[in-house]
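Visitor: Residue numbering for the sequence shown follows my numbering, beginning at 390 and increasing consecutively.
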Amino acid sequence: MSERQPFFRFNPGAYQEGRAFEPSDETCGVCAQPCGWKYRGNIYMRADGPTICACCIADGRLGALLEGEGFSFHDVELDGADPALEQELLERTPGVACFNPFEWPVLDSMPMAFLGYGEDKGLLAIDAVRSAISETFAEVGWTEPAGPSPYLLVFKEVNGDRYRAVLDLD
Numbered sequence: 390m391s392e393r394q395p396f397f398r399f400n401p402g403a404y405q406e407g408r409a410f411e412p413s414d415e416t417c418g419v420c421a422q423p424c425g426w427k428y429r430g431n432i433y434m435r436a437d438g439p440t441i442c443a444c445c446i447a448d449g450r451l452g453a454l455l456e457g458e459g460f461s462f463h464d465v466e467l468d469g470a471d472p473a474l475e476q477e478l479l480e481r482t483p484g485v486a487c488f489n490p491f492e493w494p495v496l497d498s499m500p501m502a503f504l505g506y507g508e509d510k511g512l513l514a515i516d517a518v519r520s521a522i523s524e525t526f527a528e529v530g531w532t533e534p535a536g537p538s539p540y541l542l543v544f545k546e547v548n549g550d551r552y553r554a555v556l557d558l559d
């Protein structure tokens, strides 16, 4: 399936179990080919979205099919993002499961890459991630939780080593 597994720079872990895609031979409603990797997240649009494969998200075929109808894979705000990068994130990057709309972090006009949730022990092993989480809690005047938290979204600079955490309360 790797030939039908495009890379998404703003959601590099999209194929991890339980994330944006699941293996499937179901037919894609856009390209009429077996999905390989079927998108399992939301498509924010007026009508129900079609079954869609990873390739049709990555190369923009869904956008071409829905031209003028307006859609997004995310319910987020992107303050300060370059317009072309904003479009790539909203229309050609699989969505991230969240409880509420949130502000997707942007550094130097570039959206950051979603890495995972605050309950991912691998992410919590990174000093810079723990620092980003501490900063997020300090911004709202809270002390950190005693353990991992599913209410944190962790992001990393696409071409660098800066991290941000976003609090997403239920």
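In this text, a Cβ means the ideal position worked out from N, Cα and C, and glycines have one as well.
(1) Using the Cα positions of LEU558 and TYR540, report the straight-line distance between them to the nearest angstrom.
(2) Residues bridged to LYS427 by DSSP?
(3) Please work out which residues of its chain come closer than 6 angstroms, Cβ to Cβ, to CYS487, disregarding the five sequence neighbours upstream and downstream, and give them in chain order.
(4) If you drop the 5 nearest sequence neighbours on each side, which residues of the same chain put their C-beta closer than 8 angstroms to that of GLU415?
(5) Using the Cα positions of ALA514 and LEU455, report the straight-line distance between them to the nearest angstrom.
(6) Going by DSSP in three states, PRO472 sits in which element: helix, strand or coil?
(7) Can you grab the Cα-Cα spacing for the pair SER538 / GLU492, in whole Å?
(8) Going by Cα to Cα distance, which pick from GLY511, LEU479, ALA470 is closest to ALA447?
(9) Nearest to THR482 by alpha carbon, out of PHE410, GLU406, ALA521?
(10) Residues in the same chain with beta-carbon distance under 6 angstroms from MET390, minus the five sequence neighbours each way, listed in chain order, please.
Guide: On the basis of the data shown:
(1) Residue 558 sits at position 169 when you count from the first residue of the sequence shown. Residue 540 sits at position 151 when you count from the first residue of the sequence shown. Approximately 5 angstroms, taken between the alpha carbons.
(2) Here residue 427 refers to the residue found at position 38 of the sequence shown. According to DSSP, which records beta bridges pairwise, LYS427 is partnered with GLU411, CYS442.
(3) The residue given as residue 487 occupies position 98 in the sequence shown. Within the same chain, CYS487 has close Cβ partners ASP557.
(4) The residue you call residue 415 lines up with position 26 of the sequence shown. Closer than 8 angstroms at Cβ, skipping near neighbours: PRO423, CYS424, LYS427, THR440.
(5) The residue you call residue 514 lines up with position 125 of the sequence shown. The residue you call residue 455 lines up with position 66 of the sequence shown. Roughly 42 angstroms between the two C-alpha positions.
(6) For the purposes of this step, residue 472 is taken as the residue at position 83 of the sequence shown. Residue state, collapsed to three classes: helix.
(7) Residue mapping note: residue 538 aligns to position 149 of the sequence shown, counting from 1. Residue mapping note: residue 492 aligns to position 103 of the sequence shown, counting from 1. It is roughly 18 angstroms from the alpha-carbon of SER538 to the alpha-carbon of GLU492.
(8) Within the sequence shown, numbered from 1, the residue matching residue 447 stands at position 58. The shortest C-alpha separation from ALA447 is found at LEU479.
(9) Along the sequence shown, one-based indexing puts residue 482 at 93. Checking every option, the nearest Cα to that of THR482 belongs to PHE410.
(10) Sequence index remark: in the sequence shown, residue 390 carries index 1 (1-based). Because the pLDDT of MET390 is 42, which lies under 50, any placement of that residue in the model is unreliable, and the question is left without a value.
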